[in-house]
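What follows is a single structure, written as structure tokens, with notes after it.
There are 2 protein chains.
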Amino acid sequence: MSRYPLEERWGRRRMQDSNFGVLRLGYRKGRDPRITTHLALVSRALGASHFMLAGDTDDDLFSNVASVNERFGGDMMCEYLDRPMPWLRRFSQNDAGDGAPGVVVHLTMYGEPYKHVITRIRRDRPVGVVVGGAKVPSDVFQYAHYNVAVGNQPHSEVAALALFMEAWFGESGTERHFPNARLEIQPSARGKTVVDHERDGESE
Amino acid sequence: MSRYPLEERWGRRRMQDSNFGVLRLGYRKGRDPRITTHLALVSRALGASHFMLAGDTDDDLFSNVASVNERFGGDMMCEYLDRPMPWLRRFSQNDAGDGAPGVVVHLTMYGEPYKHVITRIRRDRPVGVVVGGAKVPSDVFQYAHYNVAVGNQPHSEVAALALFMEAWFGESGTERHFPNARLEIQPSARGKTVVDHERDGESE
Numbered sequence: 044m045s046r047y048p049l050e051e052r053w054g055r056r057r058m059q060d061s062n063f064g065v066l067r068l069g070y071r072k073g074r075d076p077r078i079t080t081h082l083a084l085v086s087r088a089l090g091a092s093h094f095m096l097a098g099d100t101d102d103d104l105f106s107n108v109a110s111v112n113e114r115f116g117g118d119m120m121c122e123y124l125d126r127p128m129p130w131l132r133r134f135s136q137n138d139a140g141d142g143a144p145g146v147v148v149h150l151t152m153y154g155e156p157y158k159h160v161i162t163r164i165r166r167d168r169p170v171g172v173v174v175g176g177a178k179v180p181s182d183v184f185q186y187a188h189y190n191v192a193v194g195n196q197p198h199s200e201v202a203a204l205a206l207f208m209e210a211w212f213g214e215s216g217t218e219r220h221f222p223n224a225r226l227e228i229q230p231s232a233r234g235k236t237v238v239d240h241e242r243d244g245e246s247e
Numbered sequence: 044m045s046r047y048p049l050e051e052r053w054g055r056r057r058m059q060d061s062n063f064g065v066l067r068l069g070y071r072k073g074r075d076p077r078i079t080t081h082l083a084l085v086s087r088a089l090g091a092s093h094f095m096l097a098g099d100t101d102d103d104l105f106s107n108v109a110s111v112n113e114r115f116g117g118d119m120m121c122e123y124l125d126r127p128m129p130w131l132r133r134f135s136q137n138d139a140g141d142g143a144p145g146v147v148v149h150l151t152m153y154g155e156p157y158k159h160v161i162t163r164i165r166r167d168r169p170v171g172v173v174v175g176g177a178k179v180p181s182d183v184f185q186y187a188h189y190n191v192a193v194g195n196q197p198h199s200e201v202a203a204l205a206l207f208m209e210a211w212f213g214e215s216g217t218e219r220h221f222p223n224a225r226l227e228i229q230p231s232a233r234g235k236t237v238v239d240h241e242r243d244g245e246s247e
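Residue numbers (the working numbering), protein chains in the order written: chain A, 44 to 247; chain B, 44 to 247.
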């Protein structure tokens, strides 16, 4: 799937963008495709630089994200991780791509309130946000520097990711613009306004 | 599905709770069940009093929410709307259950930025938030008092609902407690702490 090891890619892009990765563990293609597509699109829309998938592979999902990048801009990279736990341990404890550890945030309904925790998380290192699947290995709780709850109620990993990222990025989350977009949706009180920069006009 | 017309139920519960309803349009059971379950659970967790489904019926989805209510508390009601558009028009223009119109907020990637709009929305009337499905009838844009975008990027209706509700309810969104809960998850930096109030003890 990848021509470069993820660490190398991550390292190559360091200092150029947000260095914010989202790792979806335990993906089951037969059961989770739309949820996981939503996770990837939320990651992109709110400012992640990487989306990583573990569990089943899914080229369609990655193509879907590439198609959204092509139309709406941005360059979030998708990666498949064959062995996510060794990767997570290394990223967390040793090397986030530049020889120093990154920060691992695990989203779980059992964790500490995200609004309290988020103020303590350092922002000068690459961040990996782990979103669990059906069964989260207990090691994840250990490798994570922060086990973070977006409410201690059962709801949705898509919602949890969105709320965490919005709190992390602030106004640059949902107000984000992608400069290389071909299609741009312009806010409208009624109806739909889409600018196609290749045609240089508006369509309603 | 319902013994009472929704307007009557809504009216009966007026002044007792948040009077905040979420309407999922165009549900397709074969395609959307997990996304729509997530919408319902986000609605419950972040403070909705009603969740309404239109399109396909799905007793399993409603049972699932009832089971979460039974274990984790709360009393969000689920309703199936056979004819959502007449209901929406009436709610928006005439009668939210007490003889006066409610406020309709339509979440759409084509709308106005939610953080700007949310400050203008009146809070003394019942609110109905509309979450579209595959094809949103154009009437929805007309019946809605506010067409609201949570970012003008394609991502997820689950994320959009969560971010809107968190902005609407503030700290009482994700920090919400349900007093009649049997199970209560206590925030933890490592591992899982669940209190079972019927057994009056903790399990790890």
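In this text, a Cβ means the ideal position worked out from N, Cα and C, and glycines have one as well.
Proximal chain B residues relative to residue i, where beta-carbon distance stays under 9 Å
| i | result |
| --- | --- |
| L104/A | In chain order: nothing, as chain B lies at least about 14 Å away. |
| V170/A | The premise fails here: V170/A is roughly 18 Å from chain B at the closest Cβ pair, so nothing lies under 9 Å. |
Residue i, DSSP secondary structure in three states
| i | result |
| --- | --- |
| P156/A | strand |
| F63/A | strand |
| T79/A | helix |
| M119/A | coil |
| G90/A | coil |
| N112/A | helix |
| T100/B | coil |
| Y47/A | Its pLDDT being 42, under 50, Y47/A is placed unreliably in this model, and the value from its coordinates should be taken loosely. Three-state DSSP puts Y47/A in coil, outside helix and strand. |
| E241/B | coil |
| A139/A | coil |
| V191/B | strand |
| M218/B | What sits at residue 218/B in the sequence shown is Glu, not Met. Residue state, collapsed to three classes: coil. |
| I228/A | strand |
| L206/A | helix |
| T162/B | helix |
| G171/A | strand |
| G234/A | coil |
| L68/B | strand |
| L150/B | strand |
Below-8 Å beta-carbon distance, residue i vs any chain A residue
| i | result |
| --- | --- |
| S215/B | no |
| Q136/B | no |
| S92/B | no |
| I78/B | yes |
| D60/B | Model confidence at D60/B stands at a pLDDT of 48, short of 50, so the residue's coordinates are unreliable and nothing is read from them. |
| R71/B | no |
| N195/B | yes |
| V111/B | yes |
| A177/B | no |
| A202/B | yes |
Residue burial classification, residue i (beta-carbon count within 10 angstroms, cutoff 16)
| i | result |
| --- | --- |
| E122/A | buried |
| H188/A | buried |
| E209/B | buried |
| M44/B | Confidence in M44/B is poor, its pLDDT being 40 and thus under 50, which makes the residue's placement unreliable; the coordinate value appears in the next sentence. Label assigned to M44/B: exposed. |
| G234/B | exposed |
| E200/A | buried |
| G154/B | buried |
| H159/A | exposed |
| A177/A | exposed |
| G142/A | exposed |
Cβ-based neighbour list, residue i, same chain, cut-off 6 Å, excluding 5 preceding and 5 following
| i | result |
| --- | --- |
| A203/A | L150 and V193 |
| P230/B | none |
| A91/A | F63, V65 and M119 |
| A97/B | L68, L124 and P127 |
| A205/B | V85 |
Neighbour flag for residue i against chain B, beta carbons, 8 Å
| i | result |
| --- | --- |
| T236/A | yes |
| L96/A | no |
| R219/A | yes |
| H240/A | no |
| F63/A | no |
Sequence-distant residues of the same chain with beta carbon closer than 7 Å to residue i, five excluded per side
| i | result |
| --- | --- |
| D1/B | Residue 1/B lies beyond the residue range present for chain B, which begins at 44 and ends at 247; the question has no answer from this structure. |
Partners in chain A for residue i, counting only beta-carbon separations shorter than 7 Å
| i | result |
| --- | --- |
| L68/B | Simply none; closest approach about 16 Å. |
| P230/B | G154, E155, P156, A192 and N195 |
| F184/B | R233 and G234 |
| E122/B | Residues of chain A passing the Cβ test: none, with the nearest at roughly 19 Å. |
Contacts that residue i makes with chain B (C-beta to C-beta distance below 7 Å)
| i | result |
| --- | --- |
| N223/A | Correct list: empty, because the minimum Cβ distance to chain B is about 13 Å. |
| F212/A | Neighbours of F212/A on chain B: none; closest Cβ ~11 Å, over 7 Å. |
Any non-hydrogen atom of the ligand FMN within 7 Å of residue i CB
| i | result |
| --- | --- |
| V147/A | In terms of ligand content, the structure shown is empty, and the ligand FMN therefore cannot be addressed. |
Contacts that residue i makes with chain B (C-beta to C-beta distance below 8 Å)
| i | result |
| --- | --- |
| H198/A | H81, L84, V85, R87, A88, L89 and A205 |
Cutoff 8 Å: residue i Cβ touching any chain C Cβ
| i | result |
| --- | --- |
| A232/A | Of the chains in the structure shown, none is chain C; the protein chains are A and B. |
Spatial neighbours of residue i in its chain, beta-carbon cut-off 8 Å, leaving aside the 5 residues before and after
| i | result |
| --- | --- |
| D75/B | G176 |
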